[in-house]
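All remarks here apply to the structure that follows.
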Amino acid sequence: MKRGITVLVSLSALVTVAYFTTSKWAIRHETLTFNDPARDNRPVAVDVAVRRDKEMQASAGMITLPVAILNHGNSVKFSEYSFLANVFAARGYIAISIQHDLPTDAPMVTKVGELYVGRLPQYQRGIANIRFAVDEMKKIEPNGDYDRLTIVGHSMGGDISMYFAKMYPDQIKKVVTLDNLRVPFMTEGKFKILSFRSKDPVFKADPGVVPNEEVCEKSGITVVQTGYQHTDMSDRGPGDVKSTIRGLLDKFLEDDSPLKPIETKTPTAMTEPGPVALYAPVKN
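Remember, our numbering sits 6 above the position in the sequence shown when you count from 1.
If you want it as structure tokens, here you go:
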């Protein structure tokens, strides 16, 4: 059974869920730096976000926590996606945001005509960072499901996410991208994909990256067409952009999450993003 839909979201659409205002004590953030001996002790910094109560249950051996890997866009830091990390943490995930580039790294050289417009070295470096960070996190948070990852990324981080999924499809639970532009979507239907697309005159996806509506429907791909700018899809973006993305992401995670959101105050009514239903009817 496969499901896919294209969702249109207007600029004024807001999806408000109460637990996104979770108090600081409920979600723990920690920044760690690992050094990879296989790459001249390259430092790989990560921000870890996790619900304190679920972390305690996992430490007691009561549950295994799902794991989400967050990948930043070019020129944006790993610490600038807390609006996404908190959604996953509130759902009971271990959310791990990874810093992929360093000031000492060689500058990106884009070459038209080469695979992914010359960005393949950056994607391969991102893959190495993910695999190394996951191995290190297993030692610190051993009660996570590292065999089935949810991979998330913005811009180049979205391309890293999709490239990782292409290389290791059996290790993927879900993929979420925010305006990835170079690496084509996987259409085999092995896992669900959610992608937020910008309406930006400068940042355009390469031909063939985003499948057409028919392919999305068959492959379990949800495409959210927004009116937002490409650079708005991080903590730097306006509040209404982040609120809408958070709400739709939470709906995407809801179908297979046994965990309930944390409610720290009386829940407010959820506002649907316009007259279009969030999901199409399931087709058998």
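Glycine is no exception: its CB is placed at the ideal position from the N, C-alpha and C atoms. On a predicted model such as this, the values are computed, not experimentally measured, just so you know.
What does the alpha-carbon distance come out to for the pair residue i and residue j?
i: Met139; j: Ile104; result: Before going on, a small fix: residue 139 reads as Ala here, not Met. Each residue's Cα considered, the two are about 8 Å apart.
i: Thr37; j: Ile133; result: 20 Å
i: Tyr152; j: Lys224; result: 28 Å
i: Glu269; j: Ser161; result: With a pLDDT of 39 at Glu269, under the threshold of 50, the modelled position of that residue is not reliable, and no figure is offered here.
i: Pro217; j: Arg203; result: 12 Å
i: Val4; j: Lys144; result: Lying before the first or after the last residue shown, residue 4 is absent from the chain, which here runs from 7 to 290.
i: Phe258; j: Leu200; result: 8 Å
i: Val215; j: Gly195; result: 16 Å
i: Glu142; j: Asp59; result: 22 Å
i: Phe89; j: Gly245; result: 10 Å
i: Gly79; j: Gly163; result: 5 Å
i: Gly119; j: Val189; result: 14 Å
i: Phe170; j: His236; result: 22 Å
i: Glu219; j: Phe40; result: 42 Å
i: Cys222; j: His35; result: 35 Å
i: Tyr122; j: Tyr87; result: 24 Å
i: Leu155; j: Asp206; result: 30 Å
i: Ala66; j: Arg137; result: 26 Å
i: Arg45; j: Met173; result: 21 Å
Let's test the definition: count the other Cβ atoms within 10 Å of the Cβ of residue i and tell me whether it reaches 16, buried, or not, exposed.
i: Asp111; result: exposed
i: Asp165; result: buried
i: Ile251; result: buried
i: Gln128; result: buried
i: Ser240; result: buried
i: Pro148; result: exposed
i: Ser167; result: buried
i: Asn47; result: exposed
i: Arg97; result: buried
i: Thr116; result: exposed
i: Pro43; result: exposed
i: Ala91; result: buried
i: Asn135; result: buried
For residue i, write down the residues that DSSP places opposite it in a beta bridge.
i: Thr250; result: Answer is none; Thr250 lacks a bridge partner.
i: Pro72; result: Asp151
i: Asp53; result: Thr37 and Ser103
i: Lys198; result: Lys180
i: Asn77; result: Ile104 and Gly159
i: Asp111; result: Answer is none; Asp111 lacks a bridge partner.
i: Arg48; result: Asp42
Could you check how far apart the C-beta atoms of residue i and residue j are, in whole angstroms? I think they sit under 8 Å.
i: Ile100; j: Val56; result: 5 Å
i: Pro213; j: Met192; result: With 8 Å as the limit, Pro213 and Met192 do not qualify as a contact, their Cβ atoms being about 17 Å apart.
i: Ala95; j: Ile33; result: 5 Å
i: Gly150; j: Leu71; result: 5 Å
i: Arg131; j: Met114; result: About 11 Å; that fails the 8 Å criterion.
For residue i, which option in the options has the closest C-alpha, if you only look at C-alpha atoms?
i: Pro109; options: Val82, Lys117 and Leu90; result: Val82
i: Ser85; options: Val115, Arg97 and Ile102; result: Ile102
i: Val158; options: Asp241, Asn77, Pro72 and Lys248; result: Asn77
i: Asp256; options: Val93, Ser88 and Met62; result: Val93
i: Gly226; options: Thr70, Lys180 and Pro190; result: Lys180
i: Val247; options: Leu184, Asp107 and Met114; result: Leu184
i: Ala64; options: Thr116, Ile146, Asp206 and Gly233; result: Ile146
i: Lys198; options: Glu260, Asn135 and Val54; result: Glu260
With 8 Å set as the bound, which would you pick, yes or no: does the beta-carbon of residue i sit closer than that to a beta-carbon of chain C?
i: Val216; result: Among the chains in the structure shown there is no chain C, since it carries only a single protein chain.
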